[in-house]
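Working notes for the structure below.
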Amino acid sequence: MDDVKTPSSEERKSALSGLGTSRKRVEDARFTQGKGNYVDDIKLKGMLFGDFVRSPVAHAKIKKIDTTAALALPGVHAVLTAADLEPLGLHWMPTLAGDKQMVLADGKVLFQGQEVAFVVGDDRYAVSDGVALVEVEYDELPVVTDPFKAEMENAPVLREDIADQKEGAHGPRRHPNHIFTWESGDKEGTNKVLDEAEVVADEMVYYHRTHPCPLETCGCVASMDKVNGKLTVWGTFQAPHAVRTVASLISSIPEHNIRIISPDIGGGFGNKVGVYPGYVCAIVASIVTGVPIKWVEDRMDNLMATAFARDYWMHGKISATKEGKITGLWCHTTADHGAFDACADPTKFPAGFMNICTGSYDIPVAYLAVDGVYTNKAPGGVAYRCSFRVTEASYFIERMIEVLALKLGMDSAELRSKNFIKKEQFPYTSALGWEYDSGDYHKAWDKALEAVNYKKLREDQAKQLELFKSGKSRKLIGIGLSHFTEIVGAGPVKNCDILGLGMFDACEIRIHPTGSAIARLGTISQGQGHATTFAQILASEIGIPASDITLEEGDTDTAPYGLGTYGSRSTPVAGAATAMAGRKIRAKAQMIAAYLLEVHDDDLEWDVDRFVVKGAPDKFKTMKEIAFASYNQAIPGVEPGLEAVSYYDPPNMTYPNGAYICVMEIDVDTGVSEIKKVYALDDCGTRINPMIIEGQVHGGLTEALAISMGQEIAYDEQGNVMTGTLMDFFVPTAWETPNYETDFTETPSPHHPIGAKGVGESPNVGGVSAFSNAVHDAFKPFGLTQAHMPHDHWRVWKIAKDLGLHN
Amino acid sequence: MIPSAFKFYKPNSIEKAVSIMKDFGDEARVIAGGHSLIPVMKQRLTDIKHLIDLSAIKELKGINISGKSISIGAMTTQVELITNENLFKSAPVIREASLQIADPQVRNLGTIGGNVANGDPANDMPGLMQLLDATYKLSGTNGVREVKAREFYEAAYFTAREDDEILISISFDAPIGGYAYEKQKRKIGDYATAAAGVILNVDKGVCSSASIALTNLSDTPVYCYEAVGLLTGKKIDDNLLSQVTKSCVEQSDPVADQRGPVEFKKYVAGVVINKALKRAFERS
Ligand SMILES: Cc1cc2nc3c(=O)[nH]c(=O)nc-3n(C[C@H](O)[C@H](O)[C@H](O)COP(=O)(O)OP(=O)(O)OC[C@H]3O[C@@H](n4cnc5c(N)ncnc54)[C@H](O)[C@@H]3O)c2cc1C
Chain A
246 MDDVKTPSSE
256 ERKSALSGLG
266 TSRKRVEDAR
276 FTQGKGNYVD
286 DIKLKGMLFG
296 DFVRSPVAHA
306 KIKKIDTTAA
316 LALPGVHAVL
326 TAADLEPLGL
336 HWMPTLAGDK
346 QMVLADGKVL
356 FQGQEVAFVV
366 GDDRYAVSDG
376 VALVEVEYDE
386 LPVVTDPFKA
396 EMENAPVLRE
406 DIADQKEGAH
416 GPRRHPNHIF
426 TWESGDKEGT
436 NKVLDEAEVV
446 ADEMVYYHRT
456 HPCPLETCGC
466 VASMDKVNGK
476 LTVWGTFQAP
486 HAVRTVASLI
496 SSIPEHNIRI
506 ISPDIGGGFG
516 NKVGVYPGYV
526 CAIVASIVTG
536 VPIKWVEDRM
546 DNLMATAFAR
556 DYWMHGKISA
566 TKEGKITGLW
576 CHTTADHGAF
586 DACADPTKFP
596 AGFMNICTGS
606 YDIPVAYLAV
616 DGVYTNKAPG
626 GVAYRCSFRV
636 TEASYFIERM
646 IEVLALKLGM
656 DSAELRSKNF
666 IKKEQFPYTS
676 ALGWEYDSGD
686 YHKAWDKALE
696 AVNYKKLRED
706 QAKQLELFKS
716 GKSRKLIGIG
726 LSHFTEIVGA
736 GPVKNCDILG
746 LGMFDACEIR
756 IHPTGSAIAR
766 LGTISQGQGH
776 ATTFAQILAS
786 EIGIPASDIT
796 LEEGDTDTAP
806 YGLGTYGSRS
816 TPVAGAATAM
826 AGRKIRAKAQ
836 MIAAYLLEVH
846 DDDLEWDVDR
856 FVVKGAPDKF
866 KTMKEIAFAS
876 YNQAIPGVEP
886 GLEAVSYYDP
896 PNMTYPNGAY
906 ICVMEIDVDT
916 GVSEIKKVYA
926 LDDCGTRINP
936 MIIEGQVHGG
946 LTEALAISMG
956 QEIAYDEQGN
966 VMTGTLMDFF
976 VPTAWETPNY
986 ETDFTETPSP
996 HHPIGAKGVG
1006 ESPNVGGVSA
1016 FSNAVHDAFK
1026 PFGLTQAHMP
1036 HDHWRVWKIA
1046 KDLGLHN
Chain B
9 MIPSAFKFYK
19 PNSIEKAVSI
29 MKDFGDEARV
39 IAGGHSLIPV
49 MKQRLTDIKH
59 LIDLSAIKEL
69 KGINISGKSI
79 SIGAMTTQVE
89 LITNENLFKS
99 APVIREASLQ
109 IADPQVRNLG
119 TIGGNVANGD
129 PANDMPGLMQ
139 LLDATYKLSG
149 TNGVREVKAR
159 EFYEAAYFTA
169 REDDEILISI
179 SFDAPIGGYA
189 YEKQKRKIGD
199 YATAAAGVIL
209 NVDKGVCSSA
219 SIALTNLSDT
229 PVYCYEAVGL
239 LTGKKIDDNL
249 LSQVTKSCVE
259 QSDPVADQRG
269 PVEFKKYVAG
279 VVINKALKRA
289 FERS
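Just so you know, the protein sequences line up as chains A and B, in that order. Take any residue in the first sequence, note its place counting from 1, add 245, and you have its number in the working numbering. Take any residue in the second sequence, note its place counting from 1, add 8, and you have its number in the working numbering.
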């Protein structure tokens, strides 16, 4: 030992692949070889398949459901309707937003694609034939797809079940189609400031309805074992533990007899947070038939019925001094929540964290009101790659800033800079009540403007404008700016819960005798790379190489309780739990090391992967040695083994932020746009794995591009879904995806054990504004103030036409 | 997205295929690459009881070029049209148009026969065949007959093909002059918002012959007779091309869909047609 040179701290550190390393994703070996194990890969003995009869119309009374022909078909075993679920009390189910939702149509249908009956049969083929044979007689009713018409006096009443209820889950209801009014901030104070302001910009900003559209659709396999009374459900669940508790509450099966397993998940983006009728029907069908039941949606089902996102009409007023100092912000949002309020938000926030809508700016006074309404559209309202309604809020403020800049005749980059919350103001309490933990917005902004050479961009843009005006070109250039602040990592149990479950998360670690480890978490990766990054957090905390740490999630029988993965909460909450559990391991390891080295605990110091006796660098015990000792030595006062669990209730949210800039060239005659540059600077605090961060940013930007430039769930006036396949629902391929330049600043979160803030959703939040602002910016010289997304060819063409640019 | 049950046949001769079609009438349908047919079957928009796969019939495959005449078997795939160098030399507009169809995965299976027989106004090849003044050879119970592409399309999904007829091949003369196929679409894998094909034969600045056809701008492909009349014999300049464009747009009759309203499509048609005219002129 003596003549072998001990590797330096640096060398040992790099051997761990801990924090800050671009460690390759350990998940990819199986994904890139097609060896993942997704719900649809699960095949159990005797398993049957179930699928839905769905409503072809958006609003109708159901006069009759005739299942005779379907039941007569060989291979069809059962057809469930609301009448079959009613005795079990399962024809309706509670939603995450305090409303209830039909599992199967109970007397009427409220949106196209609604689940009407559940056909169970030998396989998909038999079931599809069975579905086609179920005869449903509909008596069509007038349809409401426009949220502003929903509350008119003679609007058709959608939810007859609660038509007379004056009080909803979130306070008074003023109309049968009204769900709630949610207010935040100082109404009078804001109105006063607006009344007296030197400059006020007033605009309606619409963030259209779209859909997360993960590659893998939703599905499950439910298996009720009648011998031991245990229900096991494999499913596409972003929150397996919450699903277990909800399943227990609504089915009365004791929670210990329910096991929920999320296997590999092919993308979630919020689409897999909610509880869907398919899960309930598969469970009931398994209980009824005594065999496992698989239900997996197809693409059209998923787009049409399962969890849309956005659909917020945000009317804003923003006031400022003539010099451009913002003095107040007012917003009224009409929130189209579809037929049932199934939004996935923490209980106390019926419009999510929409009250982060003051953005990155120091705005002295603000007021927000949100009115939720019912329409004949699919329920959902999920946080599509963002924390709850944060992308709506961010888009709103980033549009309002642009509109205000127009009014002031000021460059919007300068307007932003003038109003950013300053570094020294953190922790900063916003006018709408959030405590921003940290940030250095000016630093990020200046770095971004310099990186893209903003001044030069503006010069090039002006030159192109000259060419356009002189008839030499039909193209315009737009520069889209965006500075976003997210609020993620829900969240502190004191104000964040889902169905009464506090939004903490957990990590449990076991160190094996030979010094490798397994860690289990309450979250579940859907492509984020948790097995890679959480092992890195732990490697740095406990000095065991990341490659020696197995990471497991998604099985409620083995993982500690946690609220799952969405809203960028995994790193801020479960990541913190992981670090804290690691610290408990280290604390115990220190006691063991002290015993082994025959010194006092305090005489030891931690050095990467070992405890060293202070002042005696050659006297140490490595974590590996300590692990073994914990299993084979009787140490007085210390229990054998080396395990720890931590349940982490975050003291605050984290506030990732960033500066995004997009340059776009637009052909005014065809509406075709070409992205020339996308620069994305993210500050997500401590960077765990730069490569994964970059990958997340690329993916999120691509979704943002899709949303802003074409992706939507469109309805016609009869409530027909017009974008039910990937022909019309835009998902970019490599061809449509531009090159991305990523950059960063690093302002650690002061309250997070390792300072990390979460990044997965930032690019969606910041990107949409950057792309959309670029379109607006191109037409700014011709007087455009606001044009709603998506900016697909024809809508961009329409902007040009309405501005008289088509001769 | 599961089709209803069907019987599957894979005959190895045209005669056998035709006889199955005769037996089952409109309950039978041939399948080529399946990239138009299978999606509608999966959505149960059509109910086909007997599906006849043409892929084992050798006579339906291949590209024959002898001198000026070109003949392409119905089962020739789009990727074969793109990669065949001789075809490119004789009729380069085919490669230019085919590369704008769908994506490589679709083109690996999709056939020229399926594309033109389908009768979908959104397909690009029916317009291309108007442009080339192609002739379709059909074989049915009553023998073989020929129909001009410009007379084949009656309305969306309605063509001159009888239920028991199979499209065997497509033939045309190698076009002379400059060419262009211009298409605007929303993304890879999308059908045209508007597309136009142009062939221009120019002698000392004067148009000696021309052909212009449009895709997805009416319920059938559009051959622009009037515009061709306007062009032929005239000296080509921007002004004339604008007039020609205008005439083509007047002949279009698009429908609104998620790509946009009629007004937009007509406007874009004008842009696309004009671009195609200019590119063909440059190449002439
Ligand atoms: C995502 C996607 C994008 C696409 N984009 C485009 C596009 O941009 N442009 C475009 O032109 N096409 C596009 N297509 C369609 C594609 O080119 C199809 O391959 C083509 O339309 C049909 O050819 P097929 O060989 O696949 O025919 P099939 O789908 O097998 O058949 C189509 C129809 O033609 C009939 N048929 C086929 N062969 C014969 C024959 N020899 N005799 C008689 N009838 C016959 C069939 O019975 C059927 O009714 C797209 C398809 C997809 C899936």
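A virtual CB, placed ideally from N, CA and C, is assigned to each residue, including glycine.
9 Å Cβ cut-off: residues of chain B touching residue i
i, result
"Thr978 of chain A", "Asp111, Lys195, Ile196, Gly197"
"Ala959 of chain A", "Gln266"
"Ala377 of chain A", "Ser12, Arg52"
Proximity below 9 Å, CB of residue i to CB of residue j
i, j, result
"Ala1045 of chain A", "His1036 of chain A", "no"
"Thr54 of chain B", "Lys69 of chain B", "no"
"Ser493 of chain A", "Pro485 of chain A", "no"
"Ser727 of chain A", "Gly1011 of chain A", "yes"
"Ala99 of chain B", "Pro183 of chain B", "yes"
"Asp227 of chain B", "Ala163 of chain B", "yes"
"Asn621 of chain A", "Leu349 of chain A", "no"
"Ile510 of chain A", "Phe482 of chain A", "yes"
"Gly774 of chain A", "Arg270 of chain A", "yes"
"Tyr231 of chain B", "Gln138 of chain B", "yes"
"Glu448 of chain A", "Met599 of chain A", "no"
"Val284 of chain A", "Gly480 of chain A", "yes"
"Lys562 of chain A", "Asn664 of chain A", "no"
CA nearest to the CA of residue i, picked from the options
i, options, result
"Asp546 of chain A", "A:Glu461, A:Gly474, A:Ala565", "A:Glu461"
"Tyr629 of chain A", "A:Pro1008, A:Gly1049, A:Leu1048, A:Asp1022", "A:Pro1008"
"Ser260 of chain B", "B:Thr240, B:Ile220, B:Tyr17", "B:Ile220"
"Glu786 of chain A", "A:Gly807, A:Tyr811, A:Gly820, A:Glu798", "A:Gly820"
"Pro895 of chain A", "A:Gly535, A:Asp368, A:Pro392, A:Lys1002", "A:Lys1002"
"Ala274 of chain A", "A:Gly772, A:Cys907, A:Phe856", "A:Gly772"
"Gln359 of chain A", "A:Ser531, A:Glu412, A:Thr551", "A:Thr551"
"Ala776 of chain A", "A:Ser254, A:Arg268, A:Phe975", "A:Arg268"
"Pro595 of chain A", "A:Gly343, A:Val445, A:Thr867", "A:Gly343"
"Tyr640 of chain A", "A:Val450, A:Asp750, A:Glu433", "A:Val450"
Whole-angstrom C-beta distance between residue j and residue i, which should lie under 8 Å
i, j, result
"Asp988 of chain A", "Ala696 of chain A", "6 Å"
"Thr143 of chain B", "Ala157 of chain B", "7 Å"
"Glu647 of chain A", "Asn1018 of chain A", "6 Å"
"Thr968 of chain A", "Ala959 of chain A", "5 Å"
"Ser267 of chain B", "Arg194 of chain B", "Just to set this straight, residue 267 of chain B is Arg in the shown sequence, not Ser. Yes, Arg267 of chain B and Arg194 of chain B are in contact; Cβ-Cβ is about 6 Å, under 8 Å."
"Leu95 of chain B", "Ile71 of chain B", "5 Å"
Where residue i meets chain A, residues with beta-carbon distance less than 9 Å
i, result
"Asn268 of chain B", "Just to set this straight, residue 268 of chain B is Gly in the shown sequence, not Asn. Simply Gly916, Asp1037, His1038, Trp1039, Arg1040, Trp1042, Lys1043."
beta-carbon residue i near ligand 2 non-hydrogen atom, thresh 8 Å
i, result
"Glu104 of chain B", "In the structure on display, ligand 2 does not appear, and the ligands it does have are ligand 1."
Proximal chain A residues relative to residue i, where beta-carbon distance stays under 7 Å
i, result
"Thr339 of chain B", "Nothing about residue 339 of chain B can be read from this structure; chain B reaches only from 9 to 292."
"Arg287 of chain B", "None at all; the shortest Cβ gap to chain A is about 15 Å."
Under 8 Å from the C-beta of residue i: neighbouring residues of chain B
i, result
"Gly511 of chain A", "Near Gly511 of chain A there are no residues of chain B at all, since even the closest Cβ is about 17 Å away, more than 8 Å."
Closer than 7 Å at the beta carbon, the chain B residues around residue i
i, result
"Tyr370 of chain A", "Ile10"
Residues that residue i contacts on chain C, provided the C-beta gap is smaller than 7 Å
i, result
"Phe32 of chain B", "You won't find chain C in this structure, because its protein chains are A and B."
The region 311-325 of chain A touching the region 375-386 of chain A, judged by at least three CB pairs closer than 8 Å: yes
The region 589-605 of chain A contacting the region 661-675 of chain A, beta-carbon criterion three pairs below 8 Å: yes
Would you check if there are 3 or more beta carbon pairs closer than 8 Å linking the region 608-621 of chain A to the region 654-663 of chain A? no
Decide if the region 111-125 of chain B is in contact with the region 35-42 of chain B; the criterion is three or more beta carbon pairs, one per stretch, under 8 Å apart. yes
So, do the region 887-901 of chain A and the region 240-253 of chain B have three or more beta carbon pairs nearer to each other than 8 Å? no
Could you tell me whether the region 758-772 of chain A touches the region 860-873 of chain A, where touching means 3 or more Cβ pairs closer than 8 Å? yes
Assess, as a yes-or-no matter, whether the region 283-293 of chain A is touched by the region 522-539 of chain A under the definition of 3 or more beta carbon pairs within less than 8 Å. yes
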